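Colleague: Per our numbering, residue 250 is the first one in the sequence shown, and the count goes up by one each step.
Every residue gets a Cβ at the ideal spot worked out from N, C-alpha and C, and that includes glycine.
Keep in mind that this is a model prediction, so the values were computed, not measured.
Pasting a structure here, questions to come.
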Amino acid sequence: MSARSLPALAAAIAAVVVGCVAIVPVNPPRPAYPPTARTNVVDTYFGQSVEDPYRWLEDDNSPGTKEWVAAQNRVTFGYLEGIPQRAAIKERMTRLLDFERFGTPAKVGGRYFYTRNDGLQNQDVWYTATAADAEPTVLLDPNRLSADGTVSVSGPAVSEDGRLAAYQISASGSDWKEIRVREVATGRDLPDRLEWVKFSGVSWRKDGTGFYYSRYEAPKESEKLTRLNEFQKLCFHRVGTPQSDDAVVYERRDKPRWGFGGEVSDDGAYLVITSTEGTDRKNRVFYQDLARGGAVADLLVDFDASYDFVGNDGPVFWFKTDLAAPRGRIIAIDTRKPDRSAWREVLPQGDATLTGASVVGERLVADYLKDAHSVVRIHRLDGTFEKEVELPGIGSAGGFGGRRGDTETFYGFAGYTVPGRVYRYDFTTGKSTLWRAPKVGFNPDDFETKQVWVTSKDGTRFPMFVTHRKGLKLDGTNPTLLYGYGGFNISLTPAFSVGNLVWMEMGGVYAVPNLRGGGEYGEDWHQSGTKLRKQNVFDDFVAAGEWLVNNRYTQPRRLAIQGGSNGGLLVGACMTQRPDLYGACLPAVGVMDMLRFHKFTIGWAWKSDYGSSEDAEEFRALRAYSPYHNLRPGVAYPPTLVTTADHDDRVVPAHSFKFAARLQECQAGSNPVLIRIESKAGHGAGKPTAKIIEERSDQLAFLVRQFGMAGPR
Numbered sequence: 250m251s252a253r254s255l256p257a258l259a260a261a262i263a264a265v266v267v268g269c270v271a272i273v274p275v276n277p278p279r280p281a282y283p284p285t286a287r288t289n290v291v292d293t294y295f296g297q298s299v300e301d302p303y304r305w306l307e308d309d310n311s312p313g314t315k316e317w318v319a320a321q322n323r324v325t326f327g328y329l330e331g332i333p334q335r336a337a338i339k340e341r342m343t344r345l346l347d348f349e350r351f352g353t354p355a356k357v358g359g360r361y362f363y364t365r366n367d368g369l370q371n372q373d374v375w376y377t378a379t380a381a382d383a384e385p386t387v388l389l390d391p392n393r394l395s396a397d398g399t400v401s402v403s404g405p406a407v408s409e410d411g412r413l414a415a416y417q418i419s420a421s422g423s424d425w426k427e428i429r430v431r432e433v434a435t436g437r438d439l440p441d442r443l444e445w446v447k448f449s450g451v452s453w454r455k456d457g458t459g460f461y462y463s464r465y466e467a468p469k470e471s472e473k474l475t476r477l478n479e480f481q482k483l484c485f486h487r488v489g490t491p492q493s494d495d496a497v498v499y500e501r502r503d504k505p506r507w508g509f510g511g512e513v514s515d516d517g518a519y520l521v522i523t524s525t526e527g528t529d530r531k532n533r534v535f536y537q538d539l540a541r542g543g544a545v546a547d548l549l550v551d552f553d554a555s556y557d558f559v560g561n562d563g564p565v566f567w568f569k570t571d572l573a574a575p576r577g578r579i580i581a582i583d584t585r586k587p588d589r590s591a592w593r594e595v596l597p598q599g600d601a602t603l604t605g606a607s608v609v610g611e612r613l614v615a616d617y618l619k620d621a622h623s624v625v626r627i628h629r630l631d632g633t634f635e636k637e638v639e640l641p642g643i644g645s646a647g648g649f650g651g652r653r654g655d656t657e658t659f660y661g662f663a664g665y666t667v668p669g670r671v672y673r674y675d676f677t678t679g680k681s682t683l684w685r686a687p688k689v690g691f692n693p694d695d696f697e698t699k700q701v702w703v704t705s706k707d708g709t710r711f712p713m714f715v716t717h718r719k720g721l722k723l724d725g726t727n728p729t730l731l732y733g734y735g736g737f738n739i740s741l742t743p744a745f746s747v748g749n750l751v752w753m754e755m756g757g758v759y760a761v762p763n764l765r766g767g768g769e770y771g772e773d774w775h776q777s778g779t780k781l782r783k784q785n786v787f788d789d790f791v792a793a794g795e796w797l798v799n800n801r802y803t804q805p806r807r808l809a810i811q812g813g814s815n816g817g818l819l820v821g822a823c824m825t826q827r828p829d830l831y832g833a834c835l836p837a838v839g840v841m842d843m844l845r846f847h848k849f850t851i852g853w854a855w856k857s858d859y860g861s862s863e864d865a866e867e868f869r870a871l872r873a874y875s876p877y878h879n880l881r882p883g884v885a886y887p888p889t890l891v892t893t894a895d896h897d898d899r900v901v902p903a904h905s906f907k908f909a910a911r912l913q914e915c916q917a918g919s920n921p922v923l924i925r926i927e928s929k930a931g932h933g934a935g936k937p938t939a940k941i942i943e944e945r946s947d948q949l950a951f952l953v954r955q956f957g958m959a960g961p962r
């Protein structure tokens, strides 16, 4: 990077002094990209030929791919290291993130279990205590499992008597997990080791003799990252026995893509088995009478809606469903007379979207989203409304777990400028009290969040949260980061992020639109952004960017877009459709090849949202927006930093590899096209704090350079 001119440097210093953003022209030379070989690979779909010149990058084990990865990282990190503000951004990120934070406690067997992080620990530590405010002891410290923090832990699931905890460990961010069992009193691990576990929960039998979990057959070592995940089975593991002795409770060899999850009812009398096919919201339900030792019985097998088990009253099961209720309702089914004519509605569909429910404290706790923020309502078990939980403000609440006989529950609350707080709710008094609140080194009163409404191309209106420093001037010059997702019924609700805080401290605007394809307004909203209607999601995102420009928050050359996974696809599609609208792009672990995504690991499961290139009509829709296939030579695309990881076995890194290679080939002008490939990391879950700081700092540094910002004060 060439040295700044003296006038530019003076402008940057002035920005630091007065706390505003300097608009400094930055015209670095185009990076010298490593050469990427093109091959003559052509596929034919329904009579149409489609080139795939970088197919060879799909083989992550080949020497050629490994050399390409190393060469690309050398260019990328060389570029990032030349950004003067990078070190200060990382320092500010580190300082802000160094605060004590807690997870939501769960009470099991007369003990409390929760996570805590001192601040910069790579992984949260699990603690247990005899009372919510008693001095805790360490149950499990994942930071001792690896020197660099790349081994993470999920769970643990605790047996009913509080004696044993089954937890899942994952290395380098992989979706593959291993289940281990630990004695709570001693902290000693038992010999049990359960392998080839993926997309599985753990549910103990009431007597604590063992638990139910889901697993796959062992793949070949060379296929761990790419092999299709099929033939999942539900098993029971008896503590103290080898995995080879585990009983298969339910499997369907005739349905290789059915997945299974087992949950023991609160009273311990039933095993409720949920069967899904990919990410489709529709599911089937089977059950087993554990008290009588009966066979697995069918209950809901029409695959016509989503049915989420909430709880039971003996043989009467409660389900949250979107059957005839796209915003959700709760029904009761008597397993002794399961005919639909005998079903009873407990909680009808309301004005808000029902996102979850639990049976705690002899109450039905219902979680809702109203315009993308949380509303929590307490009902009697017959559905009679009792009260609404008074939340601290407009934000996101989650938790409310526990047993039917509990008199208390815990929940977390967060917002864009509110770090996660944990509250205790007392069912006897109906009051919430603050249990833990983090202390972060900033003043929330310096910032504000607004919810605005945007109109999309077809007239559909949707909300967007916009957060920034108070006193922002709407003069069209503010650097703005637009983050989106829009898929798989996933809702984007207010959340606190140190990275976003640093961005706003530097004068940036942070905007999050609630796009179609998400779950904010129920299943109809979700479906309106899937398959042949997926373009609606991109149109919404474009409309959000145009709203920010038209309302003078920013201008195209100072508007950045960001998203991960399905959100990475969103960024890739929008930057290829509207390269003129954006000044920088940050696609992360994105699904970029929409014609071949179903050929790797769990990719086939996404057909319910995307469709498939094996269907003629869906192929045409996919081909029309597939980011990899819609890059055009000679176009000046925005500065782009692609991020992925070498152990991502969900959205395999080949998506990002191929997209980056093609983008470098097509790019006209000097705008940089870089790919940052993290080692010993996966799709995102379990990523150690140190890697999170480094990656987020690099993304912000990239934006600072493109927008000529001064960096942290």
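Does any C-beta atom of chain C lie closer than 8 angstroms to the C-beta of residue 717?
Modeller: Protein chains in the displayed structure number just one, and chain C is not present.
Colleague: Take the Cβ of residue 844 as the centre, count every other Cβ of all protein chains shown within 10 Å, and call the residue buried at 16 or more, exposed below.
Modeller: Classification for residue 844: buried.
Colleague: Hey, out of 951, 929, 868, whose CA is closest to residue 293's CA?
Modeller: Taking only the C-alpha atoms, the option nearest residue 293 is 868.
Colleague: What are the partner residues of residue 394, as DSSP defines its beta bridges?
Modeller: Residue 394 is not bridged to any residue.
Colleague: The alpha helix (DSSP H) with residue 907 in it runs from where to where?
Modeller: Residues 903-915.
Colleague: Using the rule of at least 16 other Cβ atoms within 10 Å of the residue's Cβ for burial, across every protein chain shown, is residue 372 buried or exposed?
Modeller: Flag for residue 372 reads buried.
Colleague: Tell me which residues share the same chain as residue 467 and place their Cβ nearer than 6 angstroms to its Cβ, disregarding the 5 neighbours each side in the sequence.
Modeller: Result list for residue 467: 445, in chain order.
Colleague: Drop a sphere of 10 angstroms on the beta-carbon of residue 591, count the other beta-carbons inside from all chains shown, and report buried for 16 or more, exposed for fewer.
Modeller: By the neighbour-count rule (16 or more Cβ atoms within 10 Å), residue 591 is not buried but exposed.
Colleague: Give the straight-line distance between the Cα atoms of residue 607 and residue 649, rounded to the nearest whole angstrom.
Modeller: Looking at the two C-alpha atoms, the distance is approximately 7 angstroms.
Colleague: Indicate whether residue 360 and residue 398 have their beta-carbon atoms separated by less than 8 angstroms.
Modeller: No. Outside cutoff.
Colleague: Kindly indicate which three-state DSSP category residue 876 falls into: helix, strand or coil?
Modeller: The answer is coil: DSSP assigns residue 876 none of H, G, I, E or B.
Colleague: Skipping 5 residues on each side, what residues in its chain have a beta carbon closer than 6 angstroms to that of residue 272?
Modeller: Here residue 272 scores only 38 on pLDDT, less than 50, and its place in the model should not be relied on; the value that follows carries that caveat. 957.
Colleague: Flag this pair as yes or no: are the beta carbons of residue 766 and residue 725 separated by less than 8 angstroms?
Modeller: Their beta carbons are not under 8 angstroms apart, which means residue 766 does not touch residue 725 by this criterion.
Colleague: Which of helix, strand or coil does DSSP assign to residue 859?
Modeller: Residue 859: helix per DSSP, three-state reduction.
Colleague: Am I right that residue 942 and residue 549 are in contact with their C-beta atoms under 8 angstroms? What's the rounded C-beta distance?
Modeller: With a Cβ gap of about 45 angstroms, residue 942 and residue 549 do not count as contacting.
Colleague: Pick helix, strand or coil for residue 713, following the three-state DSSP scheme.
Modeller: If DSSP states are grouped into helix, strand and coil, residue 713 belongs with the strands.
Colleague: Taking only three categories from DSSP, how would you classify residue 825?
Modeller: Note: residue 825 maps to helix in three-state DSSP.
Colleague: In or out: residue 311 buried (at least 16 other Cβ within 10 Å) or exposed?
Modeller: Answer is exposed; the Cβ neighbour count stays below 16.
Colleague: Can you tell me whether DSSP reads residue 790 as helix, strand or coil?
Modeller: Here residue 790 sits in helix by DSSP.
Colleague: Quick one: grab the DSSP three-state call for residue 969.
Modeller: Outside the shown range of the chain, which is 250 to 962, sits residue 969, and nothing can be said about it.
Colleague: Can you tell me whether residue 289 is helix, strand or coil according to DSSP?
Modeller: Correct three-state label for residue 289: coil.
Colleague: Report yes if the CB atom of residue 662 is closer than 8 angstroms to the CB atom of residue 670, and no otherwise.
Modeller: Contact flag set, yes.
Colleague: Confirm the yes/no value for this check: CB of residue 815, any heavy atom of the ligand FMN, distance under 7 angstroms.
Modeller: Among the components of this structure there are no ligands whatsoever, and the ligand FMN is therefore not found.
Colleague: What residues in its chain sit with their C-beta under 7 angstroms from that of residue 554, if we drop five residues either side in the sequence?
Modeller: Excluding residues within five positions, the ones whose Cβ falls inside 7 angstroms are 531, 570, 571, 572.
Colleague: May I ask which residues mark the beginning and end of the alpha helix (DSSP H) holding residue 321?
Modeller: 312-330 is the extent of the alpha helix (DSSP H) around residue 321.
Colleague: In chain order, what residues of the same chain lie with their CB nearer than 6 angstroms to the CB of residue 322, ignoring the 5 residues before and after it?
Modeller: Excluding residues within five positions, the ones whose Cβ falls inside 6 angstroms are 926.
Colleague: How about residue 714 and residue 704: do their beta carbons lie closer than 8 angstroms?
Modeller: Not in contact: residue 714 and residue 704 (Cβ atoms no closer than 8 angstroms).
Colleague: Is the CB-CB distance between residue 938 and residue 369 below 8 angstroms?
Modeller: Cβ atoms of residue 938 and residue 369: closer than 8 angstroms.
Colleague: Does the distance from the C-beta atom of residue 832 to that of residue 916 stay below 8 angstroms?
Modeller: In this structure, residue 916 does not lie closer than 8 angstroms to residue 832 by Cβ.
Colleague: Using CA atoms only, rank isn't needed, just tell me which of 660, 343, 540 is closest to residue 638.
Modeller: Taking only the C-alpha atoms, the option nearest residue 638 is 660.
Colleague: For the putative contact between residue 381 and residue 354, defined by C-beta atoms under 8 angstroms, what is the C-beta separation to the nearest angstrom?
Modeller: So it is a contact: roughly 6 angstroms between Cβ atoms.
Colleague: On the three-state DSSP scale, how would you describe residue 847?
Modeller: Correct three-state label for residue 847: helix.
Colleague: Can you tell me which of the three DSSP states residue 525 falls into?
Modeller: Strand at residue 525.
Colleague: Exposed or buried, what is residue 963 when buried is set at 16 or more other beta-carbons lying within 10 Å of its beta-carbon?
Modeller: Given that the chain is displayed from residue 250 to residue 962, the structure contains no residue 963 and the question cannot be resolved.
Colleague: Checking the sheet assignment: what are the DSSP bridge partners for residue 303?
Modeller: BP columns for residue 303 are empty, so no partner.
Colleague: On a CA-only basis, which of 906, 903, 563, 935 is nearest residue 540? Give me that one, please.
Modeller: Nearest C-alpha to residue 540: 563.
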